[in-house]
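Right, one structure below, let's go through it.
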Amino acid sequence: MRAKRVRYHLLVMTVGFLLPAVVKAQQTDSMKADSAAQQQAYESRRGALVKELQDTQDKLGDLRSQRVRLEARIENVLAETMQKRTQQLLVSKEETALLQLDGVLANAQDNMVAQRDRMRALGDAVRRRAGAVLVVTLRADSAGPDALGNATLQIDNVIATTRTYSQVAAQALLTGAVDPLYRSEVLPSTHTVELMLMLGGKPVTQGLNVNALTETVTYVQFTVRNGQLVPTTWTSRGTTPF
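Using our numbering, the letters of the sequence shown correspond one by one to residues 1 to 242.
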């Protein structure tokens, strides 16, 4: 009986001694399990936060790229707008300058036309007051057949006209036609008139000085007579062009 009590007391003492250690061990295991769960939750949350931060940074990078592209596009649009505006201003200025130049040219043209008309009127008035007309003709109805050749007329030692008579023209002169060699306005002064005509293959020359009068037509006619050129002059006021 006593031995049983002793074993009971020993068993109680052993349980009392081991129970705190078991409880402590259980508490330690529980703490370790809680710590592992907390660590796992922390790692999971941390990974989620890191992923969210990375996504946010990627989106921010995209937004920055879009902003840069948008700014570049805005600058290009502004540059094109400024260029178009500059071209419009240049075209407007050039158009205005051209219009002004056209106005100046039109005004100058009008002035030149008016000046020309005034000069013509003055010239007509001068010719009416101080002008003269010189007319030179050739008559060869007394020349022999096939006698007429080339003719050269000089006024003031300058060739005024030349003639080469065909058979038809020579026949017309032989039948009484008159060839108007020269007609022009001249200064009212003395002029030298000289005619060289080939007659029968020989040159025949005749010249004279003619005094052209104001507002008068002065006629000089060379007539072929006996192989010579005979000049005749006369004036007229009734048939003048003044």
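Ideal Cβ positions, reconstructed from N, Cα and C, are used throughout, including at glycine.
*Output yes or no for whether 9 Å exceeds the beta carbon distance between residue 148 and residue 186.*
No.
*Taking DSSP as the reference, what is the three-state secondary structure of residue 215?*
Under the three-state reduction of DSSP, residue 215 is assigned to coil, being neither helix nor strand.
*Between which two residues does the beta strand (DSSP E) containing residue 151 stretch?*
Where residue 151 is concerned, the enclosing beta strand (DSSP E) stretches over 148-155.
_Sufficient close CB pairs (3 or more, under 8 Å) joining the segment 149-169 to the segment 191-203_ = Result yes; three or more Cβ-Cβ pairs closer than 8 Å.
*Taking the beta strand (DSSP E) that residue 197 falls in, what are its first and last residues?*
Element bounds for residue 197: 190-199.
*Assess, as a yes-or-no matter, whether the segment 157-164 is touched by the segment 87-104 under the definition of 3 or more beta carbon pairs within less than 8 Å.*
Result no; under three Cβ-Cβ pairs closer than 8 Å.
*Buried/exposed call for residue 218, threshold 16 Cβ in 10 Å*: It counts as buried.
*Can you name the residues that DSSP bridges to residue 179?*
Per DSSP, 138.
*List the residues that DSSP assigns as beta-bridge partners of residue 69.*
Residue 69 has no beta-bridge partner at all, per DSSP.
*Within 10 angstroms of the Cβ of residue 241, are there 16 or more other Cβ atoms? Answer buried if so, exposed if not.*
Annotation note: pLDDT 48 at residue 241 (below 50); position unreliable, no value reported.
*When the Cα atoms are used, what is the spatial distance from residue 73 to residue 39?*
The alpha-carbon of residue 73 is positioned some 50 Å away from that of residue 39.
*Could you check if residue 212 is buried or exposed, using at least 16 other CB atoms within 10 Å of its CB as the buried criterion?*
Its Cβ being crowded by 16 or more others within 10 Å, residue 212 is buried.
*List the residues that DSSP assigns as beta-bridge partners of residue 220.*
As computed with DSSP, residue 220 is found in a beta bridge with 136, 233.
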